[in-house]
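Numbering (full-length UniProt numbering), first residue to last: 1 to 619.
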């Protein structure tokens, strides 16, 4: 696991600039680093050694004829199969790395190499002869990939990187807050627009896309898309297919030349992966508040499986004390509270000498694991009403003040496209509009953001629509961003076996009736895990990573911590200071639970202060 940086322009002193960009992301690859420069290109690489620990695996890596240069972040899990084909075609390999398969594969297959890959990756290949760059990102967006276009000396130019913070070291990068990012973030809790980030001009290469860049022109192509299509297999057939493909994926994901372990909560996803992997150690995080602590369940399962469990309890002081550093590593504001324990969990793993860890991300999105995919009893009852009654009632309720059952009525009486935006709805759009200053009101609407995704699944059932939205927005913008950034903050490689091309192929072909059955989410996956887990585990409801921020913000010391940010001089340029402080005070006084709203505003302000006021590299 590594980090990449690069840029394409006609400036001099590329060695100096690339080295500074590399240093910004040294946490992604502390083992070694190197660079390549010419008149048109500079590429840099930081390495965390996982496979072939020798210098033969170092990057940048070159093609056999020396005309192509590769920098690559990730793992190609089927590289041995591709390597066999390349060996048969006469290619000679100098290392045992998947990186060398990429550079030879591009020479042989061209851009079609992306359709052969099974793994997580963000890479760039520079053709010195054609003066052309080729880059690609994996199909789920497990590995981050950012780019920024600019002009220098009258030439169109571009920089790329694993993390936005590396761009800060380039003299042509203009650090500005993107005014279009704040309002949608207040609703979604993460940077939800793939073509916008919180840094003006910085964009993400979308998952399942590749680019070519030549003579200042960037062309982006989609090479993969989710395709949900129920093949009407029996549940027994699907159970067997899941078991086979998960076993195979875990087998491939545990290939490493360093020690590996697994994250383990009390939920079924990480438990299933752990039972397939059977590592030497599992790792868990808990909180002082018992109702938020699943680490005891993880310890219990580890004992049953005969695996050592390493766990740590963390506090509000721990989490808020590291909030600035966490947001520095995140690059952008991200107010999913689960980011906090994930940071400490990753540190725990690394402190115990483990370099690779497996986790259960992706199972919920692929196999229908979230409770919001099902409709509750209240919605079922309301949907028994005739449409000519239910729909007008919902339309009227939308404009009424809050009342008991309003949300249920709105969801029951309106299509999913109008009611569902993903895991969290922090601020309603009109609420967000009310607290931001005029400068930040002119941004894309929530419906504009979700429409692009919903258009991909027109005519599908509601569960499928929700899955697609979560895969395209929540998983890529929230789940995978924090998984990568929090693990790499501690030089830890995080692997996600559920997010595998072959696992996805199985999940795509399972109907919603087997994913949600009699109110049980992820039903078919639970049945598949049944053989490997105690009954209590595969029946357990999903909790996620519950974090007691609601309690913390009622404690004076944490209230004062937030108050200091909410009353700072720079707040006025973003928010109505009086209104956001009322949210805080009402929560502190026990009037209403505003914890998620408070935390979402706080995270943005912490991020802004770190990047635009303090601007110091993390120690």
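Cβ coordinates follow ideal geometry from the N, Cα and C atoms, glycine included.
Original post:
Where do the N-terminal and C-terminal ends of the alpha helix (DSSP H) with residue 105 fall, by residue?
Top reply: 98-109
Original post:
Since residue 218 sits in a beta bridge, which residues does DSSP pair it with?
Top reply: 213
**OP:** Return helix, strand or coil for residue 617, following the three-state DSSP convention.
**Re:** Caution applies to residue 617, whose pLDDT of 42 falls short of 50 and renders its modelled position unreliable; the value that the coordinates give is listed next. Residue 617: coil per DSSP, three-state reduction.
**OP:** Out of 305, 163, 113, state which residue places its alpha-carbon closest to the alpha-carbon of residue 144.
**Re:** 163
Subject >> Length-filtered (4 minimum) alpha helix (DSSP H) runs lying within the segment 85-170 >> reply: 98-109
**OP:** Would you please state the rounded distance, in angstroms, between the beta carbons of residue 495 and residue 358? I believe it to be under 8 angstroms.
**Re:** 5 angstroms
**OP:** Return the residue from the list 207, 327, 190 that minimises the CA-CA distance to residue 139.
**Re:** 207
**OP:** Locate the beta strand (DSSP E) running through residue 2, then write down its first and last residues.
**Re:** 2-8
Original post:
So, is residue 219 buried or exposed, given that buried needs 16 or more other C-beta atoms within 10 angstroms?
Top reply: exposed
Subject >> the segment 188-204 / the segment 462-482 touching (three or more Cβ pairs under 8 angstroms) >> reply: yes
Original post:
Can you round the beta-carbon distance between residue 486 and residue 343 to whole angstroms, since I take them to be within the 8 angstroms contact cut?
Top reply: 5 angstroms
Original post:
Should residue 619 go down as buried or exposed, given a rule of 16 or more other Cβ atoms within 10 Å for buried?
Top reply: The pLDDT assigned to residue 619 is 36, lower than 50, so where the model puts this residue is not dependable, and the model offers no usable value.
**OP:** Measure the beta-carbon distance from residue 348 to residue 326 and round it to whole angstroms, keeping in mind my assumption that it falls under 8 angstroms.
**Re:** Rounded, the Cβ-Cβ distance is 15 angstroms, inconsistent with contact.
Subject >> residue 100 versus residue 169 - alpha carbon distance >> reply: 29 angstroms
Subject >> Simplified DSSP state of residue 36, which is helix, strand or coil >> reply: strand
**OP:** Write down every uninterrupted run of the alpha helix (DSSP H) in the segment 416-452 whose length is 4 residues or greater and which is fully enclosed by it, in chain order.
**Re:** 416-419, 429-435
**OP:** Report all residues from its chain with a CB closer than 7 angstroms to the CB of residue 131; omit the five preceding and five following residues, and keep chain order.
**Re:** 40, 214
**OP:** Within its chain, find whatever has a CB closer than 8 angstroms to the CB of residue 187; leave out the 5 residues flanking it on each side and keep chain order.
**Re:** 421, 425, 426, 427, 428, 429, 432, 446
**OP:** Assess, as a yes-or-no matter, whether the segment 510-517 is touched by the segment 170-178 under the definition of 3 or more beta carbon pairs within less than 8 angstroms.
**Re:** no
**OP:** Just tell me which of 127, 557, 121 has its CA closest to the CA of residue 36.
**Re:** 127
Original post:
Between residue 491 and residue 535, what straight-line distance do the alpha-carbon atoms span, to the nearest angstrom?
Top reply: 36 angstroms
Subject >> Of the residues 478, 423, 562, 499, the one placed nearest residue 367, counting alpha carbons only >> reply: 499
Subject >> Other residues of its chain near residue 554: CB distance less than 8 angstroms, five sequence neighbours each side excluded >> reply: 587, 588, 590
**OP:** Keeping to the same chain, check which residues put their C-beta closer than 7 angstroms to that of residue 356; ignore five residues upstream and five downstream.
**Re:** 50, 256, 258, 260, 493, 495
Subject >> Assigned secondary structure, residue 620 (DSSP; H/G/I helix, E/B strand, else coil) >> reply: Residue 620 lies beyond the stretch modelled for the chain, which goes from 1 to 619, so this question has no answer here.
**OP:** Give the single residue among 11, 331, 483, 455 whose Cα lies nearest to the Cα of residue 203.
**Re:** 331
Subject >> Identity of the residues DSSP links to residue 241 by a beta bridge >> reply: Paired residue(s): none; residue 241 is not in a bridge.
Original post:
With 16 as the cutoff for other CB atoms within 10 Å, does residue 374 come out buried or exposed?
Top reply: buried
Subject >> Exposed unless 16 or more other CB atoms sit within 10 angstroms - verdict on residue 306 >> reply: exposed
Original post:
With distances taken from CA atoms, which of 25, 38, 68, 136 is nearest residue 76?
Top reply: 136
Original post:
For residue 8 versus residue 157, is the C-beta distance shorter than 9 angstroms?
Top reply: yes
Original post:
So who's on the other strand from residue 24, going by DSSP bridges?
Top reply: According to DSSP, residue 24 bridges with nothing at all.
Original post:
Once you ignore the five residues that flank residue 118 on each side, which residues in its own chain have a CB closer than 6 angstroms to its CB?
Top reply: 77, 78, 501
Subject >> Strand pairing of residue 78, partner residues [DSSP] >> reply: Paired residues: none, contrary to the question.
Subject >> Nearest residue (CA-CA) to residue 531, options 155, 275, 33, 365 >> reply: 275
Subject >> Continuous alpha helix (DSSP H) assignments of at least 4 residues falling wholly in the segment 554-617 >> reply: 556-566, 577-588, 595-608
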